[in-house]
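Residues in the sequence shown are numbered consecutively from 1, following full-length UniProt numbering.
All C-beta atoms in this analysis are idealised placements derived from N, C-alpha and C, irrespective of residue type, glycine included.
Notes follow the structure.
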Amino acid sequence: MSAPPSFLDLVWLARWPLLYGLGTTIAISALAILGGTVLGTGLGLALAYGNRVTRFFARAYTDFIRGTPVLVLVLASYYILGTVGLDLSPFQAGVLALTLFCASHVGEITRGALQTIHKGQNEAAKAIGLTFGQTFRHVLGPQALRLALPAWINTAAEMVKASTLLSVIGVAELLLRSQEIISRTFKSLEFYLLAGLLYFIVNYAIECLGRYVERRTSLA
Numbered sequence: 001m002s003a004p005p006s007f008l009d010l011v012w013l014a015r016w017p018l019l020y021g022l023g024t025t026i027a028i029s030a031l032a033i034l035g036g037t038v039l040g041t042g043l044g045l046a047l048a049y050g051n052r053v054t055r056f057f058a059r060a061y062t063d064f065i066r067g068t069p070v071l072v073l074v075l076a077s078y079y080i081l082g083t084v085g086l087d088l089s090p091f092q093a094g095v096l097a098l099t100l101f102c103a104s105h106v107g108e109i110t111r112g113a114l115q116t117i118h119k120g121q122n123e124a125a126k127a128i129g130l131t132f133g134q135t136f137r138h139v140l141g142p143q144a145l146r147l148a149l150p151a152w153i154n155t156a157a158e159m160v161k162a163s164t165l166l167s168v169i170g171v172a173e174l175l176l177r178s179q180e181i182i183s184r185t186f187k188s189l190e191f192y193l194l195a196g197l198l199y200f201i202v203n204y205a206i207e208c209l210g211r212y213v214e215r216r217t218s219l220a
């Protein structure tokens, strides 16, 4: 009678579903972080320098999205948008929900960083004839980046962890793939620990990237 396969044997047999799930998690997280950073930077600028109407709508969006659970955003993006004719795939709906959530946090981070910079620097830039775009690119942006980077790293890591919620709408990310493997192998503890390790590796890579950017910007 042959011995049952070891855990390493099971991992090897399940390597492709695990790698596919990990790749999906990375893709979702990267798209949400990138989109959320771009949209959130615009929100932060509107909150810090916009007129009264712009600030009102930016604040309303930020407060509403930040006060809504991520799972509700995921379900709304998939089911509610479908009822109004916007049929998104589970992957697209998940990325949309995480992007909106990420943007609300990045907007607050950007606003806080920009408002920390002394107003005299903005006035000095105007005095020498710089446009607002040039002022942001050469004066405000680099300083805000250094101030916002630690909080941005935390937000990016949260997006990776929040991607696990997309399994409820059928996105085959790492957690759902791990659960499917567990249902066949009954090795729940081992595969959940393996999934946790893979999530840690992704978040650690984000942290290393953030530290690298921090070192580079500190020399500017």
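Rounded separation between residue i and residue j - CA only
| i | j | result |
| --- | --- | --- |
| I206 | L193 | 20 angstroms |
| R15 | N203 | 21 angstroms |
| D140 | A162 | The sequence shown places Leu at residue 140, not Asp. About 31 angstroms. |
| L8 | F186 | 14 angstroms |
| G35 | L96 | 9 angstroms |
| K126 | G120 | 10 angstroms |
| R52 | A27 | 37 angstroms |
| A220 | L130 | Bear in mind that a pLDDT of 49 at A220, under 50, signals an unreliable position, so the number given afterwards is only what the model happens to contain. Those two C-alpha atoms are separated by around 20 angstroms. |
| P17 | Y49 | 47 angstroms |
| T24 | E123 | 46 angstroms |
| D63 | P5 | 51 angstroms |
| T37 | F101 | 10 angstroms |
| L189 | A172 | 20 angstroms |
| R177 | L47 | 40 angstroms |
Cβ-Cβ distance between residue i and residue j below 7 angstroms
| i | j | result |
| --- | --- | --- |
| L98 | A3 | no |
| L73 | L165 | no |
| A113 | A148 | yes |
| G44 | A103 | no |
| I201 | F191 | no |
| S167 | L175 | yes |
Candidates the options, of which the one nearest residue i by Cα
| i | options | result |
| --- | --- | --- |
| Y199 | V160, A58, F186, R177 | V160 |
| I169 | T62, Y79, T24 | Y79 |
| T155 | Q143, T110, L114 | T110 |
| G196 | L22, L47, S6 | L22 |
| R211 | A60, R146, L175, D87 | R146 |
| residue 221 | A144, E190, I182 | In the structure as shown, the chain starts at 1 and stops at 220, and residue 221 therefore has no counterpart that could be examined. |
| Y20 | E180, T217, R216 | E180 |
| V106 | I153, E173, F136 | I153 |
| L75 | R66, G94, A60 | G94 |
| H138 | Y61, T217, W12 | T217 |
| E108 | V11, S89, A60, V84 | A60 |
CB contact below 7 angstroms: residue i versus chain C
| i | result |
| --- | --- |
| A27 | Of the protein chains in the structure, only one exists, and it is not chain C. |
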